[in-house]
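K.L.:
Mind having a look at this structure? Questions to follow.
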Amino acid sequence: MKSAVWVPLFGDLADAGVVARLAGRAEEAGWDGFFVWDQLWWREPIRSVGDPWITLAAVACATSRLRIGPMVTPVARRRPAKLLRETAGLDVLSRGRLTLGVGLGSDRFAGEYSRTGETVDDRVRAEQLDEMLDILTAGWTGEPVRHEGRHYRIDDVRFLPRPAQGAVPIWAAGFPGNLKPLRRAARYDGFFPVNLTSPDQLAEATANLATVFGTPIPPTYDVVVALEPDTDPRPYEAAGATWSVTDFDPPTLTLADLTAVIDAGPTR
Numbered sequence: 001m002k003s004a005v006w007v008p009l010f011g012d013l014a015d016a017g018v019v020a021r022l023a024g025r026a027e028e029a030g031w032d033g034f035f036v037w038d039q040l041w042w043r044e045p046i047r048s049v050g051d052p053w054i055t056l057a058a059v060a061c062a063t064s065r066l067r068i069g070p071m072v073t074p075v076a077r078r079r080p081a082k083l084l085r086e087t088a089g090l091d092v093l094s095r096g097r098l099t100l101g102v103g104l105g106s107d108r109f110a111g112e113y114s115r116t117g118e119t120v121d122d123r124v125r126a127e128q129l130d131e132m133l134d135i136l137t138a139g140w141t142g143e144p145v146r147h148e149g150r151h152y153r154i155d156d157v158r159f160l161p162r163p164a165q166g167a168v169p170i171w172a173a174g175f176p177g178n179l180k181p182l183r184r185a186a187r188y189d190g191f192f193p194v195n196l197t198s199p200d201q202l203a204e205a206t207a208n209l210a211t212v213f214g215t216p217i218p219p220t221y222d223v224v225v226a227l228e229p230d231t232d233p234r235p236y237e238a239a240g241a242t243w244s245v246t247d248f249d250p251p252t253l254t255l256a257d258l259t260a261v262i263d264a265g266p267t268r
């Protein structure tokens, strides 16, 4: 199982230069990936919040091996053409190391939808997410995109340059007990079950995912779990996880604590 640092861009970590230097240390310490949160703001006492795309560009320039990406982007508050440009450009900059984590997002943590006039209806955001993913995968081909949907319109536009990978891998997040997120995730490259409480819950989710596939989960498919740094990852690996990411509590996380976790290297 591969291991990644997963960083909330709050407080001292709102500085892209600081995070880029940490990513360089993570690469030296043997981590496999470096992912960042995508938030507009957060609850008190958090005030400073970094932009994930600016930060990831700095991380891409400071590293050469780590897989990087936002984990996860709430797609419903982004525009498809802009996200196409950002993902392709970042993948080119990183020489093919981007993974795009996507999800519905939630208003309950910081009011990011209601306070900016966006819909809080989960069903509508799910429609927006699926439509956006269709646009992204079409745009990454380099061929003209013609899309007339309920929420978005792209009228015969070609998006170049293409991603260095040809297409950016997509990890779809969702609650492990819900079937719709599993079906969505099975159409792409990975599943990130959120709010997991045990390896048994993960085993149930991967069994359901295999049912959706109709066959065993493909060996190239990723299942991602968020674990506190002192958690033994082996039971989760046995339950089907292929990646673990560090799960931190944002209000209590300090730069010193994060640096110590990074320098200690991943738990194998």
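For the sequence shown, the UniProt record's numbering gives the first residue as 1, with consecutive numbering after it.
Virtual Cβ for every residue (Gly too), placed ideally from N, Cα, C.
(1) Which of the three DSSP states, helix, strand or coil, is assigned to Val-194?
(2) DSSP three-state label for Phe-109, please.
(3) Assuming Trp-53 is part of the alpha helix (DSSP H), what are its boundary residues?
(4) So, for Gly-174: in the same chain, excluding its five sequence neighbours on each side, which residues have a beta-carbon less than 8 Å away from its beta-carbon?
(5) Please say whether Val-120 and Val-107 have beta carbons closer to each other than 7 Å?
(6) Assign Arg-77 to one of three DSSP states: helix, strand, or coil.
(7) Can you tell me whether Ile-135 is buried or exposed, with buried defined as 16 or more other CB within 10 angstroms of its CB?
(8) Any idea what DSSP makes of Arg-123, helix, strand or coil?
(9) Identify every residue that forms a DSSP beta bridge with Ala-172.
(10) Checking 7 Å against the spacing of the C-beta atoms, do Tyr-152 and Pro-199 come in under that value?
(11) Whole angstroms are fine: how far does the CA of Gly-24 sit from the CA of Pro-229?
(12) So what does DSSP say about Arg-234, is it helix, strand or coil?
(13) I'd like to confirm the pairing. Which residues does DSSP put opposite His-147 in its beta bridges?
(14) Whole angstroms is fine: what's the gap from Asp-155's alpha carbon to Leu-93's?
(15) Assuming Ala-88 and Arg-162 are in contact, meaning their beta carbons sit under 8 Å apart, how far apart are those beta carbons, in whole angstroms?
(16) Which one of Thr-137, Arg-47, Val-7, Val-212 has the shortest CA to CA distance from Phe-248?
(17) What distance in whole Å lies between the Cβ atoms of Arg-67 and Arg-97, which are believed to be in contact at a cut-off of 8 Å?
(18) Between the C-alpha atoms of Thr-206 and Asn-178, what's the straight-line distance to the nearest angstrom?
(19) Would you say Asn-195 touches the ligand GTP, meaning its beta carbon is less than 6 Å from a heavy atom?
(20) Count the other CB atoms, across all protein chains shown, that sit within 10 Å of the CB of Ser-48; report buried if there are 16 or more and exposed otherwise.
(21) Which residue comes first and which comes last in the beta strand (DSSP E) that contains Arg-67?
(22) State the DSSP-derived secondary structure class of Phe-34, mapped to helix, strand or coil.
(23) Would you tell me roughly how many angstroms separate the C-alpha atoms of Arg-125 and Thr-116, rounded to the nearest one?
P.N.:
Taking the geometry as given:
(1) Looking at Val-194 - three-state DSSP - the assignment turns out to be coil, as it is neither helix nor strand.
(2) Here Phe-109 sits in coil by DSSP.
(3) Bounds of the alpha helix (DSSP H) holding Trp-53 are 52 to 62.
(4) Cβ neighbours of Gly-174 beyond the five flanking positions: Gly-103, Leu-104, Lys-180, Pro-181, Leu-182, Arg-184, Ala-185, Phe-191, Phe-192, Pro-193, Val-194.
(5) Here the sequence assigns Asp to residue 107, which means Val is not the residue at that position. A Cβ-Cβ contact shorter than 7 Å links Asp-107 with Val-120.
(6) In this structure, Arg-77 counts as helix in the three-state DSSP scheme.
(7) By the beta-carbon neighbour count (other beta carbons within 10 angstroms, threshold 16), Ile-135 is buried.
(8) In the three-state reduction of the DSSP assignment, Arg-123 falls in the helix class.
(9) Paired residue(s): Val-102, Phe-191.
(10) Cβ distance not < 7 Å, so Tyr-152 and Pro-199 don't count as in contact.
(11) Using only the alpha carbons, I get a separation of about 19 Å.
(12) Note: Arg-234 maps to helix in three-state DSSP.
(13) Beta-bridge partners assigned by DSSP to His-147: Ile-154.
(14) Rounded to whole angstroms, Asp-155 to Leu-93 spans 27 Å at the Cα level.
(15) The beta carbons of Ala-88 and Arg-162 sit about 6 Å from each other, so the pair counts as a contact at 8 Å.
(16) When each option's Cα is compared against that of Phe-248, the closest is Val-7.
(17) Going by Cβ atoms, the distance from Arg-97 to Arg-67 rounds to 5 Å, so yes, they are a contact pair.
(18) Going from the Cα of Thr-206 to the Cα of Asn-178 covers about 12 Å.
(19) This structure simply doesn't include the ligand GTP, nor any ligand for that matter.
(20) Ser-48 is exposed by the Cβ-count criterion.
(21) It spans 67 to 70 - the beta strand (DSSP E) in which Arg-67 sits, taken as one unbroken run.
(22) Phe-34: strand per DSSP, three-state reduction.
(23) Near 14 Å, if we compare the C-alpha coordinates of Thr-116 and Arg-125.
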